[in-house]
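Engineer: Submitted below is the structure of interest, expressed as structure tokens.
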Amino acid sequence: MLLFIFSLLALPILAAQQIENELIIYHYYTAGGEREAIDVYFKYFREKYPFVKIRENEIPGGAAENIRAVVMSRLEAGNPPDIFLDLAGANLKRYVDAGYLAPVDEIWKETNMEEHVPPLLRKMCYFYGHYYGVQANNVHRENILFYNKHLFDDLGLTPPRNPDELVKVASAIKSAKPTVAPLVVSTKDYWHVAFFFDPIIYYYGGKDYYLRFFTGRVNFSNPNDVKPFKEALNFVKTLVEEGYLVPSTAWTWDMSCSQIARGRAAMGIYGDWALGYFISIGLKIDEDIGGAPFPGGDDEVYLIGVDAFVMPKGAPHPNAAKAWLLLMTDPQIEYEFALKKGSIAGRDDAPKDYPDSVRRENIEFLLSHPELVIPHGTFMLAPPAFLEDFCKTIIDFFYTKDVEATIRSVAALMEKHNVAEFSSWIWED
């Protein structure tokens with residue numbers, strides 16, 4: 181496979197050009213699993229280009245809010261890096277609208293990515309007739325309920341597939357293990373709330389409602405249109421009032437995973453990137469930690485999330501940047517990255533022999549139910565500023581439990597951030 185990699189990097193788009201001796205890169209892959217994954221890219225890049233000095237800038241923050249502030253200040257000052265990482269979809273569109281990114285159509289064309297990448301992934305990197313990014317983390321499923329398998333086995337529990345089952349399982353855990361938090365969510369990383377709450381909105385509203393909600397097309401003055409959102413809030417209110425949901429301002433997302441790993445908490449809803457963390461601390465998936473889609477069963481959905489590496493206009497070392505992007509299009513490297521990250525490779529010609537049932541089931545569902553693979557609403561569809569305000573509004577709701585006030589607040593946020601106009605790209609052909 182290395183022969184394929186090295187021949188790939190000699191494509192016509194670079195054949196007559198010299199690779200510069202420096203690469204300035206910004207990313208946020210710093211937590212367990214993430215760090216090991218990006219080291220796969222660095223390993224192969226250094227093997228091919230040992231003369232290139234990599235100036236790596238790590239900016240922690242899984243929702244990319246921290247790196248976004250740093251990179252945006254550089255872009256505004258006319259001092260761009262060569263490559264940086266951010267979320268695809270809505271976040272990528274913001275840079276495109278501001279005129280900061282260079283298109284990378286040649287990379288997509290020369291590596292036949294259009295033939296091997298699912299349409300939805302292509303769409304989240306494609307704006308105004310051009311590609312502006314290459315997916316960095318393959319494909320993430322953002323609605324996986326992870327649970328302490330030893331605890332579940334001891335209590336004879338199976339992972340819940342819907343809100344009713346979640347309440348029953350949480351009740352059983354609270355009764356049998358009163359010192360164990362049934363369900364955890366990190367509020368220190370405010371964005372983790374989206375991974376908990378978005379799937380609940382999907383369950384009560386279904387696919388069409390979910391897409392309308394996160395693209396600003398729900399009529400908040402119509403009680404029938406608000407009903408699914410209201411039902412989702414009432415369900416969360418029940419979880420809080422019964423002591424089943426334990427939000428914590430002290431935990432980052434990986435710290436909340438640690439609570440599950442240690443048996444101090446029973447379960448939590450994350451993206452499958454949490455797999456990478458569990459693996460990095462030595463746990464075995466399917467033995468120590470279990471994972472299942474939520475919602476599942478007849479209501480199963482694949483909420484997809486993608487990060488992308490992009491090249492700014494005026495990058496000081498553009499050919500080194502292109503070499504980095506080309507590296508990520510190799511299916512074997514994607515697969516090796518995915519093994520560490522907890523994701524699955526985005527190319528359909530990449531290996532599919534994943535070592536755990538979570539990813540094997542993810543890829544089977546991805547390939548067999550494309551109609552139920554949709555963007556993660558808060559992260560991929562809505563504007564970045566809406567993400568923060570929305571999540572913090574739901575965090576406030578954990579404490580106020582005021583359903584009507586929260587509905588009014590979210591309606592105002594939809595207007596404030598002009599979600600309907602900003603997110604219209606997903607509806608365009």
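In case it helps, my numbering puts the sequence shown at residues 181 to 609. Cβ coordinates follow ideal geometry from the N, Cα and C atoms, glycine included.
(1) Taking the continuous beta strand (DSSP E) assigned at residue 596, which residues delimit it?
(2) Looking only at C-alpha atoms, which of 297, 211 and 499 sits nearest to residue 311?
(3) For residue 538, which residues from the same chain have a beta carbon less than 7 Å from its beta carbon, with the 5 sequence-adjacent residues on both sides left out?
(4) Under 8 Å, with one C-beta from each stretch per pair, do the stretch 196 to 211 and the stretch 252 to 266 reach the 3-pair mark?
(5) If we ignore side chains and look at the alpha-carbon of each, how far apart do residue 596 and residue 589 end up?
(6) Using DSSP with H/G/I as helix, E/B as strand and the rest coil, what is residue 199?
(7) Assuming residue 577 contacts residue 363 under a Cβ cut-off of 8 Å, what Cβ separation, rounded to an integer in Å, is found between them?
(8) To the nearest whole angstrom, what separates the beta carbons of residue 389 and residue 408, a pair I think is in contact under 8 Å?
(9) How big is the Cα-Cα spacing for residue 579 and residue 573?
(10) By a C-beta neighbour count over all protein chains shown, 10 Å radius and 16 as the cutoff for buried, is residue 231 buried or exposed?
(11) Could you please give me the residues that DSSP links to residue 237 through a beta bridge?
(12) So for residue 570, helix, strand or coil by DSSP?
(13) Any contact of the stretch 478 to 485 with the stretch 327 to 337, i.e. 3+ C-beta pairs under 8 Å?
(14) Measure the CB-CB distance between residue 217 and residue 410 and report whether it falls below 8 Å.
(15) So, helix, strand or coil for residue 224, using DSSP?
(16) Quick check on the DSSP output: the alpha helix (DSSP H) that includes residue 347 runs from which residue to which?
(17) With a threshold of 6 Å on Cβ separation, who are the neighbours of residue 594 within its own chain once the five nearest residues in sequence on each side are excluded?
(18) Helix, strand or coil for residue 549 per DSSP?
(19) Please state the DSSP three-state secondary structure of residue 460.
(20) Please report the residue range of the beta strand (DSSP E) in which residue 426 lies.
(21) Between 246, 382 and 489, which has its C-alpha nearest residue 318's C-alpha?
(22) Nearest to residue 259 by alpha carbon, out of 387, 497, 443 and 427?
(23) Here's a check: name, in chain order, each residue in its chain whose Cβ is nearer than 7 Å to the Cβ of residue 606, leaving out the five neighbours to either side.
(24) Whose C-beta lies closer than 8 Å to the C-beta of residue 603 among residues of the same chain, with five residues either side of it excluded?
(25) Output the distance between the C-alpha atoms of residue 378 and residue 557, rounded to the nearest integer angstrom.
(26) Going residue by residue through the stretch 467 to 503, where are the continuous beta strand (DSSP E) segments of at least 3 residues, counting only ones entirely within it?
(27) Assign residue 506 to one of two classes, buried (16 or more other C-beta atoms within 10 Å of its C-beta) or exposed (fewer than that).
Structural biologist: In this structure, then:
(1) No beta strand (DSSP E) holds residue 596; the alpha helix (DSSP H) holding it covers 583 to 596.
(2) Shortest Cα-Cα distance from residue 311 to any of 297, 211 and 499 involves 297.
(3) In chain order, 324, 452, 455, 465 and 471 place their CB closer than 7 Å to the CB of residue 538, counting only its own chain and leaving out the 5 sequence neighbours on each side.
(4) Contact holds: three or more Cβ-Cβ distances are below 8 Å.
(5) Computed Cα separation, rounded: 10 Å.
(6) In the structure shown, residue 199 falls within a coil segment according to DSSP collapsed to helix, strand and coil.
(7) About 15 Å separates the two Cβ atoms, so there is no contact after all.
(8) Contact flag correct, Cβ pair sits at about 5 Å.
(9) The C-alpha of residue 579 lies about 10 Å from the C-alpha of residue 573.
(10) Flag for residue 231 reads exposed.
(11) Residue 237 pairs with 206.
(12) Residue 570 falls in the helix class under three-state DSSP.
(13) The answer is no - the stretch 327 to 337 does not touch the stretch 478 to 485, with fewer than three Cβ pairs under 8 Å.
(14) For residue 217 and residue 410, no; Cβs fall outside 8 Å.
(15) Residue state, collapsed to three classes: helix.
(16) Start and end: 343 to 356.
(17) Closer than 6 Å at the Cβ level, and outside the excluded window around residue 594, lie 396.
(18) Correct three-state label for residue 549: coil.
(19) Residue 460: helix per DSSP, three-state reduction.
(20) 425 to 428 is the span of the beta strand (DSSP E), which, as asked, contains residue 426.
(21) It is 489 whose Cα lies nearest to the Cα of residue 318.
(22) Checking every option, the nearest Cα to that of residue 259 belongs to 497.
(23) Here the set comprises 395, 555 and 561.
(24) Within the same chain, residue 603 has close Cβ partners 270, 394, 395, 396, 561, 562 and 563.
(25) If you take the alpha carbons of residue 378 and residue 557, they lie about 7 Å apart.
(26) Segments of the beta strand (DSSP E) lying fully in the stretch 467 to 503: 469 to 473, 482 to 485 and 487 to 490.
(27) Buried.
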